[in-house]
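Going by the UniProt record's numbering, the first residue of the sequence shown is number 1, and it counts up by one from there.
For each residue, glycine too, the CB sits at the ideal point set by N, CA and C.
Read through the structure below, which is laid out as structure tokens, and then see the notes.
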Amino acid sequence: MGDPTRRAIVASLAERPRAVGELADELPISRPAVSQHLKVLKEAGLVTDQAAGTRRVYRLNPAGVAALRDQLDTFWNRALAGYRDVVEQPTEETP
Numbered sequence: 001m002g003d004p005t006r007r008a009i010v011a012s013l014a015e016r017p018r019a020v021g022e023l024a025d026e027l028p029i030s031r032p033a034v035s036q037h038l039k040v041l042k043e044a045g046l047v048t049d050q051a052a053g054t055r056r057v058y059r060l061n062p063a064g065v066a067a068l069r070d071q072l073d074t075f076w077n078r079a080l081a082g083y084r085d086v087v088e089q090p091t092e093e094t095p
């Protein structure tokens with residue numbers, strides 16, 4: 001999800017399922033490039049695809065998105081807890 005194009009694809013798919021061509025029309029990249037990004041997202045479990053005639057329609061995978069959110073929540077909870085621990089440490093007074 002560190003790639004801005006992948007984030008744009010996920011945002012589009014959050015609105016509704018789309019075929020590769022539809023996504024390519026919305027983005028400043030080629031169809032093959034969209035397909036490569038979708039392959040990465042599919043391997044990560046964030047999207048699924050289904051044949052629809054001669055094209056494949058992609059949609060978000062709710063289970064994959066939920067797993068990503070859980071990981072991000074865990075990361076941020078740990079980061080914020082570490083920050084809180086540092087902030088709440090007593091400071092040493094200088095004479």
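Proximal residues to residue i (C-beta, below 6 Å), its chain only, five neighbours per side dropped
{"i": "His-37", "result": "Thr-5, Arg-6, Ile-9"}
{"i": "Val-57", "result": "Pro-17, Ala-19, Gln-50"}
Burial state of residue i (16 or more Cβ within 10 Å)
{"i": "Tyr-83", "result": "exposed"}
{"i": "Arg-18", "result": "buried"}
Contact under 7 Å by Cβ, residue i with residue j
{"i": "Asn-61", "j": "Val-40", "result": "no"}
{"i": "Val-34", "j": "Ala-44", "result": "no"}
Neighbourhood of residue i by C-beta distance below 7 Å, restricted to the same chain and skipping five residues each side
{"i": "Arg-59", "result": "Leu-13, Pro-17, Val-47, Thr-48"}
{"i": "Glu-88", "result": "none"}
Delimiting residues of the alpha helix (DSSP H) encompassing residue i
{"i": "Leu-60", "result": "From DSSP, Leu-60 is part of no alpha helix (DSSP H) but of the beta strand (DSSP E) over 55-60."}
{"i": "Asp-25", "result": "20-26"}
{"i": "Ala-33", "result": "31-43"}
{"i": "Arg-16", "result": "Per DSSP, Arg-16 belongs to no alpha helix (DSSP H) and is neither H nor E."}
Continuous beta strand (DSSP E) stretch holding residue i: start and end
{"i": "Gln-50", "result": "47-52"}
### Query
Are at least three pairs of beta-carbons, each pair with one atom in the region 24-32 and one in the region 3-10, less than 8 Å apart?
With the cut-off at 8 Å, the region 24-32 and the region 3-10 touch.
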